[in-house]
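J.:
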Amino acid sequence: VMRRKLLIVEDERLIALDIKQRLVQLGYEVVAIANHADAALQAVTQHRPDLVLMDIHLQGAVDGIALAAQIQQQFNLPVIFLTAHADSATLTQAKATQPFGYLVKPVETHMLSTAIEIALTRHQTEVAVQRALSKEKELNELKTRFISIVSHEFRNPLSAIKLIFDLLERQNPPVPPEQQQLHLQRGKLAVEHMNQLLEEVLIIGQAESGKLTYHPEPINVLWICRNLVEEFQTQLNAPQTIVFRYSGLDAMGNPFYSMDAKLLRHILTNLLSNAIKYSPQGSDVYFDLACTPEAISFRIQDQGIGIPVNDQPRLFESFHRGANVKGIGGTGLGLSIVKQCVELHHGKIHIDSQINQGTTVTVVFNPIPS
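Residues in the sequence shown are numbered consecutively from 3, following this note's numbering.
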């Protein structure tokens, strides 16, 4: 069992050594003895004790009460006060820092042990409560972002579908057949967009609940990549193209790898979709596939708006979007889904991005060639 680490802050050397000896006999580890504030802060930083025994009256300008407040605020550690004076003024001053205990010297061994155990237990409970409250706050914020983003993203295709129905129902003047076909095509795209949104939310839900599974089987990665490029290319406006390049396949002869095809499609679809969505019209998106017997990598590069430095640490959070996306639609789920699918493959993902210079995403797996 790991012994609890304690720090003694006491300017009377003999008293400190006596307390240390008794604490060691009780089974605790005394990491240091400090006799003034600077030494105490240095010891806390270096040793990160579980609890501090603090004499109220210390050498120097900073007394034990002020030092305890600083330690609790900066390091969130429990502090038990030691004092030879139990007057009401000192007690009132000490209580203001909300200590975890208050002992009058000379301290009996059993009182020392009891105070420490109560303080440690109370502190553990408070930390657990703080974590639970923080988690609840995080979930509430996540729920708020979910409702805001998803409702906004659903409103647009629903409005488009309603408008199409209104147009098709018009009798005077009637809608020409060629325009009917155009409206129906737009309606199908709106339905596909909604279906994609639902799919993204479902995947995130499965990942959060541990139900997103990994089922590897031999797949032809070149065939999957080419198919995806063709699917995307039919949806792109004329000047914008996906430039697909591959290497290493000739030497291998057979581009089959043991991977989960469904998860791989989630990864590549989201990355290609992001590259296209955040790139200016007329710019190309580069999609590179590189295969070796040891590894397979997918590299997708765009010339788009890039990702702000402040947003990059939160790239894989659900519903988080960059500050520069402006009016570009999206849920902020794409990269979160990619991250989950990459981790299920035990792969790695790296993103390099600069504002207005584009983004490059590289995903590397080490699957077994089939």
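For every residue, glycine included, the Cβ atom is placed at its ideal position computed from N, Cα and C. Since the structure is predicted, the reported quantities are computational estimates derived from the model, not experimental observations.
Please classify S355 as buried or exposed, where buried requires at least 16 neighbouring CB atoms within 10 angstroms.
T.: Counting Cβ neighbours within 10 Å, S355 comes out buried, since at least 16 surround it.
J.: Between which two residues does the beta strand (DSSP E) carrying Q303 extend?
T.: Residues I298 to Q303.
J.: Excluding five sequence neighbours on each side, which residues of the same chain lie with their C-beta closer than 6 angstroms to the C-beta of D262?
T.: Y216, H217 and P218, listed in sequence order.
J.: Please list, in chain order, all residues of the same chain as A292 whose beta carbon is under 6 angstroms from its beta carbon, the five residues on each side excluded.
T.: If we look at A292 and ignore the five residues flanking it on each side, its Cβ neighbours are S249, G250 and S299.
J.: Below 8 angstroms between beta carbons: does that hold for I309 and L273?
T.: No, they are not a contact pair.
J.: Would you kindly work out how many angstroms separate the C-alpha atoms of G66 and G103, rounded to a whole number?
T.: So the two alpha carbons sit approximately 13 angstroms from each other.
J.: According to DSSP, is G66 helix, strand or coil?
T.: The answer is helix: DSSP assigns G66 an H, G or I state.
J.: Given Y30, which residues of its chain have a CB within under 8 angstroms of its CB, disregarding the five upstream and five downstream residues?
T.: So the qualifying residues of the chain are R5, R6, K7, L8 and I118.
J.: Between which residues of its own chain and P51 is the CB-CB distance below 6 angstroms, once the five residues before and five after are set aside?
T.: Within the same chain, P51 has close Cβ partners K7, L8, L9 and V33.
J.: T366 bridges to which residues according to DSSP?
T.: The displayed chain sequence assigns Val, not Thr, to residue 366. For V366, which the question treats as bridged, DSSP gives the partners S299 and K350.
J.: For A42, count the other beta carbons within 10 Å of its own beta carbon; 16 or more makes it buried, fewer makes it exposed. Which is it?
T.: A42 should be labelled buried.
J.: How would you write the range of the alpha helix (DSSP H) that L230 sits in, first residue to last?
T.: V223 to Q237 is the extent of the alpha helix (DSSP H) around L230.
J.: How big is the Cα-Cα spacing for N2 and S285?
T.: Nothing about residue 2 can be read from this structure; the chain reaches only from 3 to 372.
J.: In whole angstroms, give me the CA-to-CA distance for V287 and N312.
T.: Looking at the two C-alpha atoms, the distance is approximately 25 angstroms.
J.: Can you list, in chain order, the residues of its chain with a C-beta nearer than 8 angstroms to that of H348? Leave out the 5 residues immediately preceding and following it.
T.: If we look at H348 and ignore the five residues flanking it on each side, its Cβ neighbours are F367 and N368.
J.: Indicate the three-state DSSP secondary structure (helix, strand or coil) for G324 in the structure shown.
T.: G324: coil per DSSP, three-state reduction.
J.: Could you say if the stretch 312 to 321 and the stretch 178 to 198 meet the contact criterion of at least three C-beta pairs nearer than 8 angstroms?
T.: Because the criterion of three Cβ pairs below 8 angstroms is not met, the stretch 312 to 321 and the stretch 178 to 198 do not touch.
J.: Buried or exposed for D304, please, with buried defined as at least 16 other CB atoms from any protein chain shown within 10 angstroms of its CB.
T.: It counts as buried.
J.: Looking at the strands, I want to know which residues DSSP matches up with P371.
T.: Y259.
J.: Among residues of its own chain, excluding the 5 on either side of V193, which ones have a beta-carbon nearer than 6 angstroms to its beta-carbon?
T.: Here the set comprises nothing.
J.: Residues in its own chain within less than 8 angstroms of A325 by CB, not counting five upstream and five downstream?
T.: Cβ neighbours of A325 beyond the five flanking positions: P310, N312 and D313.
J.: Please classify S136 as buried or exposed, where buried requires at least 16 other C-beta atoms within 10 Å of its C-beta.
T.: So S136 counts as exposed.
J.: If the criterion is Cβ atoms closer than 8 angstroms, does the pair E202 and L335 meet it?
T.: Their beta carbons are under 8 angstroms apart, which means E202 touches L335 by this criterion.
J.: With distance defined between alpha-carbon atoms, name the residue in V106, K350 and Q23 nearest to I82.
T.: Nearest option by C-alpha distance: V106.
J.: Quick one, which of T111, L16, V11 and H352 has its alpha-carbon nearest A68's?
T.: Here the closest residue by C-alpha is V11.
J.: Compute the Euclidean distance between the alpha carbons of N229 and K213, then round it to the nearest angstrom.
T.: Cα to Cα, the separation comes out at about 27 angstroms.
J.: For the alpha helix (DSSP H) containing D40, list its first residue and its last residue.
T.: That run of the alpha helix (DSSP H) goes A39 to H49.
J.: Would you kindly check if the distance between the Cβ of A71 and the Cβ of T99 is under 8 angstroms?
T.: The answer is yes: Cβ separation under 8 angstroms.
J.: My guess is that Q61 and D20 are in contact by the Cβ rule of under 8 angstroms, so how many angstroms apart are they, rounded?
T.: Actually they are not in contact, since the Cβ atoms of Q61 and D20 sit about 18 angstroms apart, beyond 8 angstroms.
J.: Which two residues bound the contiguous beta strand (DSSP E) that contains G103?
T.: G103 to V106 is the span of the beta strand (DSSP E), which, as asked, contains G103.
J.: So the alpha helix (DSSP H) M196 belongs to, where does it begin and stop?
T.: Taken as a continuous stretch (DSSP letters only), the alpha helix (DSSP H) holding M196 covers P179 to E210.
J.: Using a Cβ-Cβ cut-off of 7 angstroms (strictly less than) and excluding sequence neighbours within five positions of K341, which residues of its own chain qualify?
T.: Answer for K341: F318 and I351, listed in chain order.
J.: Beta strand (DSSP E) containing K7: first to last residue?
T.: It spans K7 to V11 - the beta strand (DSSP E) in which K7 sits, taken as one unbroken run.
J.: Following the continuous beta strand (DSSP E) through A34, name the residue where it begins and the one where it ends.
T.: That run of the beta strand (DSSP E) goes E31 to A36.
J.: Using the Cα positions of F289 and V245, report the straight-line distance between them to the nearest angstrom.
T.: Roughly 6 angstroms between the two C-alpha positions.
J.: Measuring alpha carbon to alpha carbon, tell me which residue in L84, M113 and S260 is nearest L55.
T.: For the residues L84, M113 and S260, the minimum Cα distance to L55 belongs to L84.
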